[in-house]
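Protein chains in written order, with this note's numbering: chain W, 1 to 794; chain X, 1001 to 1290; chain E, 2001 to 2163. The beta carbon of each residue, even a glycine, is placed where N, CA and C say it ideally should be. In this text, all values refer to a predicted model and were calculated from it rather than measured experimentally. The structure under discussion appears below in the form of structure tokens.
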Amino acid sequence: MSVPGDTRGTGTWVGRTVPRKEDLRLLRGMGTYIDDVPEPRGTLHLAVLRSPYAHARIRTIETAEAEALDGVVAVVTGTEVAELIPPFAGDYEKPGFKMSHRPALATDTVRFVGDGVALVLAENAYIAEDALGLVFVDYEQLPAVSDVEEALKADAPRVHEELADNVLIEGGNRTEGFDEVFEAADHILRERFRINRVAGVAMEPRGCLAVYEKSDDAVTLWTGTQVPHMLRIGIARYLGWPESRVRVAAPDVGGGFGPKMYLYPEELLAVAMAREYRCPVKWIEDRLEDFLTTFQARDHVYDVAVAYDDDGTVRAVEVDVAVNSGAYSNYPMGASLEPFQGPLNMPGPYRFRQFAFTCRGVATHTCPTGAFRGVSAPCVTMAMEGMMDRIARHLGLDRVEVRRRNLVRPDEFPYVNVVNQFYVTGSYVECMDRALEMVDYGGYLAARPPERLVDGKYRGIGIAVVTELGGHGAARYKARGLPDLPGFDTAHVELEPNGRVRATTSFSSQGQGHETTFAQIIADELGVSIDDVAIRGGDTGNSPFGTGTFASRGAVVGGGAVMRASGDLRERIKKFAAHLLEASPDDIVLEGGYAHVQGVREMHVSLYDVARAAYGLTESMQLPEGEEFGLQAIATYDPPASSISNACHIACVGVDAATGLVEVERYVVVHDCGRVVNPLLVKGQIQGGVAQGLGQALFEEILYDAEGQMLSATLMDYMIPTALDVPTLEMEHIESPATDNIGGFKGAGEGGVIGALPAIACAVGDALAPLGANVNRLPLRPDTVLGLIEGAEA
Amino acid sequence: MKPAPFEYFAPETAEEALALMAEHGVEARPLAGGQSLVPLINMRMAQPSVLIDLNRCPELAYLRGEDGMLVSGPMTRQRELELSETVRAACPLIAKAMPYMGHATIRNRGTAGGSLSHADPSAELPGVALALGAEMIAGGPNGRRTVPATEFFFAELTTALEPDEMLCEIRFPEAPAGSRAAFAEVGSHFGGLALVGVAAQIDLDSAGRCTKAALAATGAGERPTRLSSTEAVLTGEVLEKQSIAEAAEAAAGDVEPLEDLHATAHWRRRAAVAMAARVLHEIADEAGTR
Amino acid sequence: MTARREVRVTVNGRAYARNVEPRMLLVDFLRHECGLTGTHVGCAHGVCGACTIVLDGVSVRSCLTFAVQAEGKEITTVEGLADGESLTALQQAFHENHALQCGYCTPGFLMSLTEFLRETPNPDEGQIRERLSGNLCRCTGYANIVSAVQMAAQRLREKGGVS
Ligand SMILES: Cc1cc2nc3c(=O)[nH]c(=O)nc-3n(C[C@H](O)[C@H](O)[C@H](O)COP(=O)(O)OP(=O)(O)OC[C@H]3O[C@@H](n4cnc5c(N)ncnc54)[C@H](O)[C@@H]3O)c2cc1C
Ligand code: FES
Ligand code: FES
């Protein structure tokens, strides 16, 4: 009898740098992404005919020629689809909201370039695309609006005719006594920040394969999603089916970042068509469609006013947020996500006690917008840190001093900030001080000439002290009025009959490494090697119910659930082992794949033997009294509130005086996400996040013209960072474990991007400060920056 | 993003290829490296009904020196131009500009003829060809004709080639002894699409005085642009800080940039000046005149 | 639809023959006709590099090549890199350095870099980054890929052999 993986003495797994288990298949080309899922025989390929206009009435659709094409099975128009799929909504009726609906395919009106008007089912993707060219739509073009501020004007074209205006949602709040404090401060500074619309650009576009299961009259939807359970709820609801008839499974997903946490029309269409035509239906998005239709983000305007005293202490902050919501609000987050996340994140690490905000989500004739890594936090943090720099410049103080005066201090934790965020632990001052040391802030300033021009480049340094709100529990989502986000997650952990561990979770993975981090947590709980732990998830058919992967939930909520379930399992294993060793369960220690009696290593039994006994695979009955067969445990975890990580990012840039091209020459991060499961993976998350933030800060931008035509729908026109853009981060961790959640973990998925926008924008601002240039809009493309330089020189 | 149907021919000789072009006329496109044509076909922005694949004509891929000329076949890969010792010796400007062209994997496939025929205004090789005064040999139903680079590039993606003509050969004058070359370009970020570049070959006498200057800008107009004013300012001068600044600034008057999604016309003009200054400084540094 | 043509290729040492339309992209051929789904499509317009393969010894974009163009040629895809259970030095270095997250871009990087390390056994960071700039990764921010290439190059030099 072989003993599985004896790893005695390997110590604890959590906290260790462990290369990922999932790599081994991905490196060999053995991953299974959506287009790799084997197509059942007879799979039909679905293609969507998309509107070339931002706003138009559909007069007629001619499908005959397309239908006549060899290999085309059906052409279905929006009106026909409407009989199968009712328009779906991203929001619920509630105060401040206006309900809007999105038909899976437009029936009479298209509302953005890319809005679907008809679909084709054909034998292969080539023919499907041929057929799209043979569907003729007669459109009556209508006036369109693409800019958020234009859309707010009284005479703006309305996106949803049934609504009084384009404001889908609005809200606001003012702390008590705000006005008096604001007026009483020594100074007031105002600024408007214009943030650029960006796209997630996961390297794998969206896609899905809906397989009709004849025997159950059910559909299995394979789809590249972050939230399989949420999708199943949505699909079942909108199609009016029982949930038992819908299974949603996510295979390997080539990047998520937020846009893949929504229900998309194509998913509903594939499911409905699979049922209608009783066959598998596949849709794979191409990159053009991705730019036109996958939800985008951060098309925001912030009007900020800060009231502060002579010593730099901020007394009160006021912000007005206008968010371009695009043409529709989306299930399950609705239109409230970006507008409300802005103010929620604005105070960040700062301790001011007066705050007023108003926010609006505004419909336009553009691609819908929503979650993208960090949501609005990168933008408001840029605004907040931008104001800190302005205060410093205005008062002639050092930026660090102004921040220091306003940061929540080490002795103030636990701290509840002005928007009621509960900061259990944190290291705002410590992270900043360490980062300044690493970058040699004093030395940098001393070495720099007053005009900041060295070798033809203006040199600047930008500091961002940031918080990252993540791992939200149920209470947070309920407080925000989001009924379709449960907030908790679930893990099911079992010791299999051969003594190895298998866990299924409500998570799906888009590269975060859950197969490794969850295995590390379980390995510690059960005293086994991670090689003996298999993690599965992302399939409503065989994984337990939960919320899914977004908002840095992985370690906090998923890890918590895994820890609870494996803790429960550990106690059961101990009972079985105790029975076999004739000892007390309290004296049993699990280590190295064995259970032994504390202090008496010779008295041991392998988990293999424990499992054999527990599953009745023994000659005699070996069940402890009162125990049932099997070794498994299921547990949910709902963290108390949000977990709040923090970091300090410092960017050093060189701005080419002749071309305006900005180079990020150095980048330092000191990061605190509580207890770290796997430092290698956390570093990877931050480096990757900074790269995305760098792209947004410097050149990424989805551009629409005034008529709502998208100008940047290819990777030639919408550029993302390359290896020549992104420096290797110099990074250190500080650990302030969370004390109010089970593992002590805090989220780490979003901090990178949250810090990069402000750090880089502030660095460019600093470089050009002697010229008097005002950096208040992104991206800082060379032509924009050159304009700032020349404008200031003029 | 799937190509529309087309008919495919893979001729094995240049003659066959030309015959096919004559037969199919405007319906047909030659397929060289495919690095510009296939993206357009995949997006159905180009839908030629006939593709004539030149990749199986070995006789169209060559490089040789001939009477003071570096002669290249149209199907010579860009990667070969980049790495070839012959090119480095005869026309260092080509060798210097090549690494800027896309990426190694793109250059493995992309060809000299494809780049020149495609005539993207910001492409490097057309700028180099213009600076060097290259000659394009076009072949068609009526035989061969020679088109100087100055008359080859008409406008964005438009050249002097007739629809049934093929670029059959490119002839680059070899660099005179004592000349120096440099290339520089800038985009809206690093490693991505280049927006504006300048190619320069400067002949210097023994005193370091410029006897002949040849500069061309890419991405600063609807076609590559010769920087004649810059050349005029430089000729007869020693390359040093002042003369370089004046010469580079003169480029502003030579270019007629257009605004697009990536950059304003003003920026492109300033970028052309900046790149002209950069290449001239590089040459001055190399020659030790600065 | 246009007349199909026979395409015979050797992929990772195995011969395949299929009848396909001339318009079929090589990447679709490899993925859907040969079942080699390790080669990915990230853009189908040549920019991202996810579809990079080795065709007759050099790296190329398989989304910019038609299957008919590969007739009679030899192809290596990511599936052909590792020898049985053992990863190549480059794959192993990717693993140890956490040079992949979602892994979608990874096959393209591996194919391009395998060629690079053969041509440039002792690369400096600038050369590595220059080479990497031909492939896009949205997850990693590239730093760990740079380290992986450095590690692989060093190990290959020590081993004095090819991958
Ligand atoms: C990601 C990416 C980045 C790139 N970056 C750059 C860059 O930085 N700089 C740059 O210059 N280019 C760049 N390119 C384009 C690349 O250099 C192409 O190789 C080149 O523009 C076209 O060459 P080709 O051999 O691939 O031609 P093809 O794409 O095959 O053909 C291009 C056009 O020329 C025609 N043609 C080809 N050969 C002939 C001939 N002999 N006679 C007549 N007509 C002919 C074709 O019919 C077609 O219309 C990039 C491409 C990609 C995909
Ligand atoms: S898929 Fe071929 S380069 Fe992107
Ligand atoms: S690892 Fe996800 S795109 Fe590179």
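Chain E contact for W/Gly31 (CB, 8 Å cutoff): So, interface residue.
Beta-ladder partner(s) of W/Lys457, from DSSP: DSSP lists W/Val454 and W/Asp656 as partners of W/Lys457.
Residue-level contact to chain X via CB, W/Thr364, 8 Å cutoff: Residue-level contact by beta carbon fails for W/Thr364 and chain X, as no gap is shorter than 8 Å.
Residues bridged to W/Gln632 (per DSSP): By DSSP's assignment, W/Gln632 forms a beta bridge with W/Glu494.
Boundaries (first-last residue) of the beta strand (DSSP E) holding X/Arg1145: Gly1143 to Pro1148
Proximity test, E/Arg2031 beta-carbon vs ligand 2 heavy atom, cut-off 7 Å: no
Start-to-end residues for the alpha helix (DSSP H) that takes in W/Pro343: Leu337 to Asn345
E/Thr2039 CB to nearest heavy atom of ligand 3 below 7 Å: Answer for E/Thr2039: no, Cβ out of range of ligand 3.
Candidates X/Trp1267, X/Glu1222 and X/Leu1063: closest to X/Thr1076 by CA position: X/Leu1063
W/Asn809, buried or exposed, once every other Cβ within 10 Å from all chains shown has been counted against 16: The structure shown does not extend to residue 809 of chain W, since chain W is modelled only from 1 to 794, so the question has no answer here.
Supposed contact pair W/Gly559 and W/Phe745 - C-beta distance, whole angstroms, cut 8 Å: 5 Å
Nearest neighbour of W/Cys208, chosen from W/Val380, W/Asp35 and W/Pro52 [CA to CA]: W/Asp35
CB contact below 8 Å: E/Gly2160 versus chain W: no
CA nearest to the CA of W/Ile650, picked from W/Leu757, W/Ser736 and W/His596: W/Leu757
Reduced DSSP category for X/Glu1256 - H, G, I as helix; E, B as strand; rest coil: Here X/Glu1256 sits in coil by DSSP.
Buried or exposed (CB count within 10 angstroms, at least 16 for buried), W/Gly599: exposed
Where E/Asn2144 falls: helix, strand or coil (DSSP): Of the three classes helix, strand and coil, the one that applies to E/Asn2144 here is helix, per DSSP.
Residue burial classification, W/Phe518 (beta-carbon count within 10 angstroms, cutoff 16): It is buried - the Cβ of W/Phe518 has at least 16 other Cβ atoms within 10 Å.
For X/Glu1286, three-class secondary structure by DSSP: Three-state DSSP puts X/Glu1286 in a helix.
Pair within 8 Å by beta-carbon distance, W/Leu780 and W/Leu698: yes
Assumed close pair X/Glu1007, X/Val1038 - CB separation to whole angstroms, cut-off 8 Å: X/Glu1007 to X/Val1038, Cβ: 16 Å. No contact.
Closer than 7 Å: E/Arg2061 CB and nearest ligand 2 heavy atom: yes
Any non-hydrogen atom of ligand 1 within 7 Å of W/His300 CB: no
Collapsed DSSP secondary structure at W/Arg399 in the structure displayed: In the three-state DSSP reduction, W/Arg399 falls in the helix class (H, G or I).
W/Arg403 beta carbon less than 8 Å from that of W/Ile463: yes
Terminal residues of the alpha helix (DSSP H) in which W/Ser566 lies: Gly559 to Leu581
Where the alpha helix (DSSP H) containing X/Asn1108 begins and where it ends: Counting along the chain, the alpha helix (DSSP H) containing X/Asn1108 begins and ends at Ala1104 to Arg1109.
Collapsed DSSP secondary structure at W/His160 in the structure displayed: coil
Selection from W/Gly200, W/Gly348, W/Thr77 and W/Gly256 that minimises the alpha carbon distance to W/Gln296: W/Gly200
Any non-hydrogen atom of ligand 2 closer than 7 Å to E/Val2047 Cβ: yes
Residue list, Cβ distance to ligand 3 heavy atoms smaller than 7 Å: Taken from the N-terminal end onward, the list reads W/Met203, W/Gly254, W/Gly255, W/Gly511, E/Leu2100, E/Gln2101, E/Cys2102, E/Gly2103, E/Tyr2104, E/Cys2105, E/Thr2106, E/Cys2137, E/Arg2138, E/Cys2139 and E/Thr2140.
Beta bridge counterpart(s) of X/Met1166 as assigned by DSSP: X/Gly1139
Cβ of X/Met1293 within 8 Å of any chain W Cβ: No answer is possible for residue 1293 of chain X: the residues shown for chain X start at 1001 and end at 1290.
CB contact below 8 Å: E/Gly2084 versus chain W: no
Same chain, Cβ closer than 6 Å to W/Asp252, neighbours up to 5 away in sequence not counted: When the five nearest sequence neighbours on each side are left out, the beta carbons in the same chain lying within less than 6 Å of the beta carbon of W/Asp252 are those of Gly31, Thr32 and Tyr33, in order along the chain.
Delimiting residues of the beta strand (DSSP E) encompassing X/Tyr1008: Bounds of the beta strand (DSSP E) holding X/Tyr1008 are Glu1007 to Phe1009.
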